[in-house]
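Using my numbering, the letters of the sequence shown map in sequence onto residues 12 to 153. Beta carbons: idealized from backbone N, C-alpha and C, even for Gly. Being a predicted model, the structure only gives us computed values, none of them experimental. Here is the structure we will look at.
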Amino acid sequence: MTPLKNLNLLIVMITISIKTNAQKLELTTLKRIDPITIIGSNYVSMPDCSISNKKLFDFNNPYTYLQLMIDESGNSYQILYQTNMTDALDYLSLSNNANYQCFTVKKNEYCSCVKKSQEETFSSLQTSATLDCVVRILSRCD
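Structure follows, in structure tokens:
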């Protein structure tokens, strides 16, 4: 084989390898839950992308939600988040069994995506876009 054919074969193999290593996440149920039932140690807060102070979980916030996810192996994960009464995101975290380290490595990508989500007109769309950022990045991590 010529060097160019070897290079093309290598590129194809890497592309296939990258695509097969991604995990497929399916969003299942979104539940509004009583915040007092949350065990905080089961969740890890997402990286803070703002200059303002990092927000903490509020055990009195009635706008507390669990977005359930499942991967192709049947493992389940959760995104825990809280909004205010206008549906603006106040708190965001992942269950401990999710690949949080991915967001440490891809913090710039995550923060860029979150910043772009703030361009949405309505708070509910900003929240939805931020959650989408989490799922897309998490789906690409092993």
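Sorting LYS126, LEU41, THR138, LEU91 by C-alpha distance to the C-alpha of ASP69 places LEU91 at the top. The beta carbons of THR39 and ASP98 sit about 21 Å from each other, so the pair does not count as a contact at 8 Å. A residue is called buried when at least 16 other Cβ atoms come within 10 angstroms of its Cβ; LEU41 does not meet this threshold and is exposed.
Apart from sequence neighbours up to five positions away, the residues of its chain that approach TYR111 with a beta-carbon distance below 8 Å are VAL55, LEU105, ordered along the chain. If one requires a minimum length of 3 residues, the beta strand (DSSP E) runs lying completely within the stretch 46 to 113 are 54 to 56, 75 to 82, 87 to 94, 100 to 106, in chain order. Only residues of its own chain outside the window of five on either side were considered, and among them SER128, GLU131 have a CB closer than 6 Å to the CB of ALA140, listed in chain order. Here DSSP, grouped into helix, strand and coil, assigns THR141 to helix. Rounded to the nearest angstrom, the Cβ distance from GLN89 to TYR102 is 13 Å, too far for a contact under 8 Å.
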